[in-house]
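So for the sequence shown, the numbering used here puts the first residue at 202; every next one is plus one. Since the structure comes first, as structure tokens, the remarks are kept for the end.
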Amino acid sequence: MPMPLASLVPAFALQVEDKPFFPHLSNNPKNYGKEILPTKEDYLANGMMPEKRVQFDKWFDQHKNEPFNLDEQLAAYCTNDVDILMAALVAFRKEFLEVSNGLDVLRESMTIASACMKHFRMNHLKPHHVGIVPEKGYDNADNQSLLALRFLKWYSEKNMVNIR
Numbered sequence: 202m203p204m205p206l207a208s209l210v211p212a213f214a215l216q217v218e219d220k221p222f223f224p225h226l227s228n229n230p231k232n233y234g235k236e237i238l239p240t241k242e243d244y245l246a247n248g249m250m251p252e253k254r255v256q257f258d259k260w261f262d263q264h265k266n267e268p269f270n271l272d273e274q275l276a277a278y279c280t281n282d283v284d285i286l287m288a289a290l291v292a293f294r295k296e297f298l299e300v301s302n303g304l305d306v307l308r309e310s311m312t313i314a315s316a317c318m319k320h321f322r323m324n325h326l327k328p329h330h331v332g333i334v335p336e337k338g339y340d341n342a343d344n345q346s347l348l349a350l351r352f353l354k355w356y357s358e359k360n361m362v363n364i365r
């Protein structure tokens with residue numbers, strides 16, 4: 202889903218900690234292993250949407266004098282990202298299982314498009330109405346890119362070998 206990671210928490214009503222504010226401009230090797238006091242600019246506050254900026258200003262006023270250990274906070278920030286992604290993936294999978302009558306999007310599809318096509322074929326396409334083509338077609342042939350075929354032809358001619 203094309204949305205910021207922080208938006209996944211309310212979108213799926215996830216039971217995880219909200220994405221914290223992080224001073225991305227302070228993430229610099231010279232600050233590793235130190236306690237710092239990041240500025241509002243370090244948090245890229247001027248680029249925030251108005252509603253988020255109000256939340257940030259309130260949060261910053263409460264925490265601006267607290268020492269910020271970049272090493273610890275970076276680890277916590279990244280762990281939070283993983284927690285959000287994992288919870289969102291589990292929620293998405295559960296919702297897709299319910300909507301599609303049991304299609305496990307993580308086990309049976311590589312892309313959202315293929316998952317949606319499987320859902321359509323399983324739950325909406327009636328037998329004998331439109332041909333239900335097997336996923337890899339009827340001849341089960343592998344498709345090759347034009348570039349790959351040209352390379353093989355070149356290699357065959359250059360090395361005087363027959364490639365099938």
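Glycine included, C-beta positions come from ideal geometry on N, C-alpha and C. This structure is a prediction, so every number in the text was calculated from the model and none was measured.
Distance, residue j Cα to residue i Cα
i      : j      : result
Lys322 : Val291 : Going by the sequence as given, residue 322 is Arg instead of Lys. Rounded to whole angstroms, Arg322 to Val291 spans 24 Å at the Cα level.
Arg254 : Met287 : 27 Å
Lys241 : Pro211 : 25 Å
Glu296 : Asp305 : 10 Å
Glu275 : Phe213 : Residue identity differs from the one stated: residue 275 is Leu in this sequence, not Glu. The straight-line gap from Cα to Cα measures roughly 25 Å.
Ala246 : Pro203 : 22 Å
Ala349 : Trp355 : 10 Å
Lys319 : Cys279 : 34 Å
Gly248 : Phe293 : 30 Å
Asp262 : Pro224 : 14 Å
Asn302 : His325 : 11 Å
Glu358 : Leu347 : 17 Å
Met250 : Pro335 : 47 Å
Leu215 : Val300 : 19 Å
Pro230 : Glu273 : 14 Å
Asn360 : Arg308 : 42 Å
Residue i, enclosing alpha helix (DSSP H) - first and last residue
i      : result
Phe257 : 251-264
Asn360 : 347-360
Pro211 : 206-212
Spatial neighbours of residue i in its chain, beta-carbon cut-off 8 Å, leaving aside the 5 residues before and after
i      : result
Ser227 : Ile237, Pro239, Asp243, Phe269, Leu271
Lys265 : Leu238
Ala277 : Pro221
His329 : none
Cβ neighbours of residue i in the same chain (closer than 6 Å, five flanking residues each side left out)
i      : result
Leu209 : Ile285, Ala289
Ala316 : Val306, Ser310
Same chain, Cβ closer than 7 Å to residue i, five either side skipped, listed in chain order
i      : result
Asp282 : Leu206
Gly234 : Asp272
Simplified DSSP assignment, three categories, for residue i
i      : result
Glu218 : coil
Glu267 : coil
Open item on the list: Please give the ranges of any alpha helix (DSSP H) in the stretch 275-341, keeping only runs that are unbroken, at least 4 residues long and fully inside the region.
Closed with: Here the runs fully enclosed are 306-309, 313-324.
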